[in-house]
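Let me begin by presenting the structure, written as structure tokens, before commenting on it.
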Amino acid sequence: WWRSIEPAPKDPILGVTEAYLADHSPGKVNVGVGAYRDDKGRPVVLDCVREAERRIAGSEYMEYLPIGGSIKMVEESLKLAYGENSELIKDKRIAAVQALSGTGACRLFAAFQQRFCPDSQIYIPIPTWANHHNIWRDAGVPMKTFRYYHPETKGLDFVALMDEIKSAPNGSFFLLHACAHNPTGVDPSEEQWREISSQFKLKGHFPFFDMAYQGFASGSPEQDAKAIRIFLEDGHLIGLSQSYAKNMGLYGQRVGCLSLVCEDEKQAIAVKSQLQQLARPMYSNPPVHGARIVSTVLGDPNLKKLWLKEVQVMADRIIGMRATLRENLEKRGSPLSWQHITNQIGMFCYSGLTPEQVDRLTNEFHIYMTRNGRISMAGLNTGNVGYVADAIHEVTKS
Ligand code: LMR
26 WWRSIEPAPK DPILGVTEAY LADHSPGKVN VGVGAYRDDK GRPVVLDCVR EAERRIAGSE
86 YMEYLPIGGS IKMVEESLKL AYGENSELIK DKRIAAVQAL SGTGACRLFA AFQQRFCPDS
146 QIYIPIPTWA NHHNIWRDAG VPMKTFRYYH PETKGLDFVA LMDEIKSAPN GSFFLLHACA
206 HNPTGVDPSE EQWREISSQF KLKGHFPFFD MAYQGFASGS PEQDAKAIRI FLEDGHLIGL
266 SQSYAKNMGL YGQRVGCLSL VCEDEKQAIA VKSQLQQLAR PMYSNPPVHG ARIVSTVLGD
326 PNLKKLWLKE VQVMADRIIG MRATLRENLE KRGSPLSWQH ITNQIGMFCY SGLTPEQVDR
386 LTNEFHIYMT RNGRISMAGL NTGNVGYVAD AIHEVTKS
């Protein structure tokens, strides 16, 4: 049956973790996958999550959730993204279901887009998270790209971005990163978001936001929802993917939310029922444990306060590491500018290292990262940042 099958290429991000695990060098460093580590390089379980687990331990049935997932978790997710006092929530205009983290939310939306707008395409930024390509490809939605990042300034190419929005056919679907753009760490400013939103309005484009890092850009989930709130103020009917992998450290629990703003409650009911119909043959219903953790944390004012503090601590540690890496490179007399390390935000630094330089970092220095030059800043700590700076200096100096 399977004789003619060739092995699939390794995943450009998770394949890096595999290679890292297979390396037995004691000084190895993993700045590949976007997963938070503390200053000792250890994975972190947030205190709010431990407390939520303690509260739900033993009280949990292992029953199926509804196809659309935990109603409480979905309600809390909507408040977090759309605002505590959102009129859209009050008017029941949002169709929302629990999703298998950000990937699952994007995939479910892509399947929905394919089913109900079969002639549509999706515009994705260049660059974007590698898995976005796979998600829309496998859902059978044709992809177009739009310019976003400026390789020389290592910042936003706002002029090109606006041109792309203007020249796309009216009513196009666009994938936007709500905050902490992956892999570049480059976000539009608030003013630029306003211009983007107005232009979307003129063109009648549909904005689908992937918000995998709410809280990781500024340290405040509320502040990081700014782009979404701007689009909502302008009356857009947005789509939104939310993930709790990073901001609650629930990577392996696969918990997130997909929501679509509708014209009215009746439409929202219809859309939700169709999302459920798509989900049922894919995975039947989503997992229960992570959803209970999220609803327990966000549903209790004290636990939520603790969570907000812990998100801020994670974001601050990463911001600190940005400054330290830049300082270390400058101290070594690097002739290059490393200002973008501190200009960029979120979990990643899009370093500008070439694939060949990345290969040298891996082969000679046991530093593991994706070949597009993305550094997961969360993998750096006071113990390894000097070593990584030395190695980067070595491969970039000539
Ligand atoms: C990443 O970009 O490293 C994360 O989103 C993890 C993943 O699944 O790729």
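Here the sequence shown is numbered in full-length UniProt numbering, starting from 26 and rising by one per residue. Backbone N, C-alpha and C define an ideal beta-carbon position, used for all residues, glycine too. Since we're looking at a predicted model, the values are computed, not measured.
query: At a Cβ threshold of 8 angstroms, is His314 touching chain C?; result: The structure shown has no chain C; it contains just one protein chain.
query: Using a 10 Å radius around the Cβ and a threshold of 16 neighbouring Cβ atoms, would you call Ile221 buried or exposed?; result: buried
query: Could you tell me whether the Cβ atoms of residue 24 and Phe231 are closer together than 8 angstroms?; result: With the chain represented from 26 up to 423, any question about residue 24 goes unanswered, as that position is not in the structure.
query: Might you give, ordered along the chain, the residues of its own chain that have their beta carbon closer than 7 angstroms to the beta carbon of Phe134, omitting 5 neighbours on each side?; result: Phe233, Gly264, Ser266, Leu283
query: Mind checking His206: buried by the 16 CB within 10 Å criterion, or exposed?; result: buried
query: If Arg279 sits next to Pro312, beta carbons under 8 angstroms apart, how far is it from one beta carbon to the other, in whole angstroms?; result: 6 angstroms
query: Okay, do the stretch 323-338 and the stretch 131-149 touch, 3+ Cβ pairs below 8 angstroms being the bar?; result: no
query: Between Lys191 and Gln224, is the Cβ-Cβ spacing less than 8 angstroms?; result: yes
query: Have a look at Asp116 and Glu290 and give me their C-alpha separation to the nearest angstrom.; result: 7 angstroms
query: Are the CB atoms of Leu105 and Pro326 within a distance shorter than 8 angstroms?; result: no
query: Keeping to the same chain, check which residues put their C-beta closer than 7 angstroms to that of Glu101; ignore five residues upstream and five downstream.; result: Val319, Ser320, Leu323, Gly324
query: List the endpoints of the continuous alpha helix (DSSP H) containing Ser284.; result: No alpha helix (DSSP H) holds Ser284; the beta strand (DSSP E) holding it covers 281-286.
query: With a CB to CB cut of under 8 angstroms and the five nearest residues on each side skipped, what residues in its chain are close to Gly411?; result: Asn353
query: Locate the alpha helix (DSSP H) running through residue 22, then write down its first and last residues.; result: The first residue shown for the chain is 26 and the last is 423, placing residue 22 beyond what the model contains.
query: Leaving aside the five residues before and after Gly57 along the sequence, list all residues of the same chain whose C-beta is less than 7 angstroms from its C-beta, in chain order.; result: Ile38, Val41, Thr42, Tyr45, Tyr393, Met394, Thr395, Ser401
query: To the nearest whole angstrom, what separates the beta carbons of Ile255 and Arg219, a pair I think is in contact under 8 angstroms?; result: 6 angstroms
query: Within a Cβ cutoff of 8 angstroms, which residues of the same chain sit near Pro360, ignoring the five residues on either side of it in sequence?; result: Lys422
query: Given the structure, does Ala293 come close to ligand 1, in the sense that its CB is under 7 angstroms from one of the ligand's heavy atoms?; result: no
query: How far does the beta strand (DSSP E) with Val122 in it reach, from first residue to last?; result: 119-124
query: Would Leu378 pass as a contact of Gly404 if the rule is Cβ separation under 8 angstroms?; result: no
query: If you reduce the DSSP assignment to three classes, tell me which class Asn195 lands in.; result: coil
query: Using only the heavy atoms of ligand 1, determine whether one of them is closer than 7 angstroms to the beta carbon of Asn55.; result: no
query: Taking 8 angstroms as the cut-off, decide whether the C-beta atoms of Gly66 and Gly358 are in contact.; result: no
query: Using a threshold of 7 angstroms, is the CB atom of Ala203 nearer than that to any non-hydrogen atom of ligand 1?; result: no
query: Give me the Cα-Cα distance between Met236 and Gly277, rounded to the nearest whole angstrom.; result: 17 angstroms
query: On the CB-based measure, 16 or more other CB atoms within 10 Å of its CB, does Gln302 come out buried or exposed?; result: exposed
query: For Ser376, collect the residues of the same chain with a Cβ closer than 6 angstroms to its Cβ; drop the 5 residues on either side in sequence, then sort them by chain order.; result: Gly398, Ile400
query: What first and last residue would you give for the alpha helix (DSSP H) that runs through Ser223?; result: 215-228
query: If you measure from the CB of Leu39, is any heavy atom of ligand 1 nearer than 7 angstroms?; result: yes
query: Quick one: does the C-beta of Asn207 sit closer than 7 angstroms to a heavy atom of ligand 1?; result: yes
query: Once DSSP output is grouped into helix, strand and coil, what is the label at Arg305?; result: helix
query: To which residues of the same chain is Leu201 closer than 6 angstroms at the C-beta, ignoring the five residues directly before and after it?; result: Pro232, Phe234
query: Taking the CB atoms as reference points, tell me whether Gly93 and Lys228 lie closer together than 8 angstroms.; result: no
query: Please state if the CB of Ile160 and the CB of Arg132 are separated by a distance shorter than 8 angstroms.; result: yes
query: Any heavy atom of ligand 1 within a distance shorter than 7 angstroms of the CB on Val383?; result: no
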